[in-house]
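Peer 1: In this note's numbering, the protein residues as written are 203 to 826. Beta carbons are placed, not taken as given, at the ideal position from N, Cα and C, and that holds for glycine. Below you'll find the structure I mean.
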């Protein structure tokens, strides 16, 4: 047996490099720490200069309050900070940084130059920090604020440097960090340069439209066009920001920005709450996109969980989860056809003054209803067309021309007559958002005209959402119907899961379940909701208990009930290839306008699309 090694203190250089491994993962990590220090210093203008993906150079300049000359050397030491001073400060952290180890950790793996001009000082001072070398501050010239220059990152730790990705990849990660910082503070003037060329410039924004323009620079114009505003407060919590409409979804979760008290975080409780709000409006396998800001009392959240400070813990996690879920759910309820007369006039003034009256349409053509299902009959054309069709037999050229001329004249006359029937005189009432139905195609799509132009509606998908929302509302108003099992279901769980089930008896009872403990690791299920009688009760119960242990709440039971209701709604809605009258089509359009989330079916597919007059003109090259 080898002789045990003696316990010794690590050299300061090795200890700093170990600490740097937690804080400085890649160049983007360095930029994050420096930008957070600038924001904590009250900076309103920040300039970031990068070379070679941040490996050769990272320079961050700000106009914050700066650092006193006598404290420059201390600022580069480990565990030196101005953010907290006692345990009480640690329990209610309001700043982005607080550990006091970023600059020291960076200085142990790179060459650091720190220049700062304190707000009340007459001169600026500079100081160099390199491994095993610490200089004294020297007088220099610099405006009020601080400049931190990082060169040759990981030059003395080749093992870390070889794990870095390509320059392009590191530059991409670095850009993501700068964008997140730009979204966290709308009053910040932020500029990013790469090899002395401007890469990103974000100007301060105060109005909502200016904020959306700023978000469009980060998330793209499509996101800002699909953004739904969120602004709600409850029990000391406030949620604001934007959630993209479900029609704007992503293949990856790469456009999800959540800021807690101005700090960007990735938290599983937050993600779970938002994901649940999107559960029946998002297409399978897609991810929502959002930029959200949660303000909460700092004493109710612990950010001292991980060195990167991306993870947090809430004192009342269930309240936070429920608040976020309800807020995003209410926001998504806006996803239905909505418009105002002012919007219609602005987009198409020619049509807004000539709305169509639904009663006139229905009265005018009720006697001319056609059964589309009979299109496959050979005699349908002759019996149902408003003009006679030409006979299909050989004709001479002269006779064919005469026949075509006569046919064309009859068709034109019939079309003019139909237009007079279908276009009633103008009234003072504005067009509804989806307008009024004009026709049906193959018993699948409804064509409608509104103030903007043409609306195409997927008949089955739209009706499925309407029926689904009606069933959910009716189900929520009545108590959950349960049924007792003739033979109780025995479910094997861990002892910890059984303890959680016992503690959550009231939760299960409210949802129509009766769960009891038969042994330290066995549960008995005696009663279940009627809607879930065909579900795998054992697996469902285990999943719910797992959620309760993690999030202190579980929406799984409601999810399963909603899935059953969605299946029932799918089978109970109007089927494709069914002919509808204009009365029925217009009634469906009005129901869509009054139904929450009716822009998507239960599976997340769009229920309608809009083609405005400009798009229609482009299709036919009009005006060119």
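Counting pairs of Cβ atoms below 8 Å between the segment 646-660 and the segment 466-483, do you hit three or more?
Peer 2: No, the segment 646-660 is not in contact with the segment 466-483.
Peer 1: For residue 330, which residues does DSSP report across the bridge?
Peer 2: Paired residues: 315.
Peer 1: Between the Cα of residue 511 and those of 299, 802, 455, 637, spot the shortest distance and give me the residue it belongs to.
Peer 2: Ranking 299, 802, 455, 637 by Cα distance to residue 511 puts 299 first.
Peer 1: When DSSP labels each residue in this structure, what does residue 229 get in the three-state scheme?
Peer 2: DSSP places residue 229 in helix when its eight states are reduced to three.
Peer 1: Pull up the distance between the alpha-carbon of residue 426 and that of residue 485, whole angstroms please.
Peer 2: Distance between the alpha carbons of residue 426 and residue 485: 20 Å.
Peer 1: With distances taken between CB atoms, is the gap from residue 317 to residue 342 smaller than 8 Å?
Peer 2: Closer than 8 Å, so yes.
Peer 1: CB-CB under 7 Å to residue 641, same chain, minus the five flanking residues each way: which ones, in chain order?
Peer 2: The answer, listed in chain order, is 649.
Peer 1: For residue 384 versus residue 392, is the C-beta distance shorter than 8 Å?
Peer 2: Yes, Cβ-Cβ distance for residue 384 and residue 392 is below 8 Å.
Peer 1: For my contact list, residue 748 and residue 725 are in at a C-beta cut-off of 8 Å; report their separation, rounded to the angstrom.
Peer 2: Not confirmed; about 13 Å, so no contact.
Peer 1: On the three-pair Cβ rule with 8 Å, is the segment 706-717 touching the segment 725-739?
Peer 2: Contact between the segment 706-717 and the segment 725-739 is present, because at least three Cβ pairs lie under 8 Å.
Peer 1: Quick one: residues in its chain with C-beta nearer than 7 Å to the C-beta of residue 704, no 5 flanking neighbours on either side, listed in chain order?
Peer 2: If we look at residue 704 and ignore the five residues flanking it on each side, its Cβ neighbours are 719.
Peer 1: Below 8 Å on the Cβ atoms is my contact criterion, and I expect residue 537 with residue 792 to pass it. Report the Cβ-Cβ distance as a whole number of Å.
Peer 2: Not a contact, Cβ separation roughly 17 Å.
Peer 1: Spell out a yes or no on whether the segment 272-283 and the segment 358-368 are touching, meaning 3 or more CB-CB pairs, one atom from each, closer than 8 Å.
Peer 2: Judged by Cβ distances under 8 Å, the segment 272-283 makes no contact with the segment 358-368, as fewer than three pairs qualify.
Peer 1: If you follow the alpha helix (DSSP H) that residue 530 is part of, which residue opens it and which one closes it?
Peer 2: Segment 519-534, the alpha helix (DSSP H) holding residue 530.
Peer 1: How many whole angstroms separate the CB atoms of residue 352 and residue 439, which I take to be in contact at a CB cut-off of 8 Å?
Peer 2: About 37 Å separates the two Cβ atoms, so there is no contact after all.
Peer 1: Between residue 225 and residue 304, how many whole angstroms is the CB-CB distance? I'm expecting something under 8 Å.
Peer 2: With a Cβ gap of about 6 Å, residue 225 and residue 304 count as contacting.
Peer 1: Using the rule of at least 16 other Cβ atoms within 10 Å of the residue's Cβ for burial, across every protein chain shown, is residue 324 buried or exposed?
Peer 2: Residue 324 is exposed by the Cβ-count criterion.
Peer 1: Are the CB atoms of residue 447 and residue 801 nearer to each other than 8 Å?
Peer 2: Cβ distance < 8 Å, so residue 447 and residue 801 count as in contact.
Peer 1: Leaving out five residues on either side along the sequence, give the residues of the same chain with a beta carbon under 6 Å from the beta carbon of residue 459.
Peer 2: Once the five neighbours on either side are set aside, the close Cβ partners of residue 459 are 385, 493.
Peer 1: Any contact of the segment 207-214 with the segment 230-243, i.e. 3+ C-beta pairs under 8 Å?
Peer 2: With a cut-off of 8 Å, the segment 230-243 and the segment 207-214 do not count as touching, because too few Cβ pairs lie within range.
Peer 1: For the beta strand (DSSP E) that residue 724 lies in, which residues bound it at each end?
Peer 2: Unbroken beta strand (DSSP E) run through residue 724: 724-731.
Peer 1: From what residue to what residue does the beta strand (DSSP E) around residue 342 run?
Peer 2: 340-342 is the span of the beta strand (DSSP E), which, as asked, contains residue 342.
Peer 1: Quick one: Cα of residue 482 to Cα of residue 656, how far?
Peer 2: Looking at the two C-alpha atoms, the distance is approximately 27 Å.
Peer 1: Residues in the same chain with beta-carbon distance under 7 Å from residue 253, minus the five sequence neighbours each way, listed in chain order, please.
Peer 2: The residues are 259, 397.
Peer 1: With H, G and I counted as helix, E and B as strand and the rest as coil, what does DSSP make of residue 429?
Peer 2: Strand.
Peer 1: Roughly how far, in whole angstroms, is the beta-carbon of residue 416 from the beta-carbon of residue 241, given that I think they are within contact range, below 8 Å?
Peer 2: With a Cβ gap of about 16 Å, residue 416 and residue 241 do not count as contacting.
Peer 1: Going by the DSSP bridge assignment, what does residue 349 pair with across the sheet?
Peer 2: Answer is 263, 317, bridged to residue 349.
Peer 1: So if DSSP puts residue 827 in a beta bridge, which residue, or which two residues, is it bridged to?
Peer 2: Residue 827 cannot be examined here, being either before or after the span of the chain that is shown, 203 to 826.
Peer 1: Does DSSP put residue 201 in a helix, in a strand, or in coil?
Peer 2: Because the chain in this structure spans residues 203 to 826, residue 201 falls outside the shown range and cannot be described.
Peer 1: Would you call the segment 243-251 and the segment 395-410 touching, i.e. three or more CB-CB distances under 8 Å?
Peer 2: Judged by Cβ distances under 8 Å, the segment 243-251 makes contact with the segment 395-410, as three or more pairs qualify.
Peer 1: What residues in its chain sit with their C-beta under 6 Å from that of residue 234, if we drop five residues either side in the sequence?
Peer 2: Answer for residue 234: 379, listed in chain order.
Peer 1: Out of curiosity, what's the CA-to-CA distance linking residue 404 and residue 473?
Peer 2: Answer to the nearest angstrom: the Cα atoms are 27 Å apart.
Peer 1: If contacts are defined as beta-carbon pairs under 8 Å, then residue 432 and residue 533 qualify, I think. What distance do you get, rounded to the angstrom?
Peer 2: So it is a contact: roughly 5 Å between Cβ atoms.
Peer 1: Between residue 402 and residue 257, is the Cβ-Cβ spacing less than 8 Å?
Peer 2: No.
Peer 1: How long is the line joining the alpha carbons of residue 462 and residue 514, rounded to whole angstroms?
Peer 2: So the two alpha carbons sit approximately 9 Å from each other.
Peer 1: Tell me the start and end of each unbroken beta strand (DSSP E) in the segment 458-519 that is at least 3 residues and wholly inside, in chain order.
Peer 2: Segments of the beta strand (DSSP E) lying fully in the segment 458-519: 458-462, 492-497.
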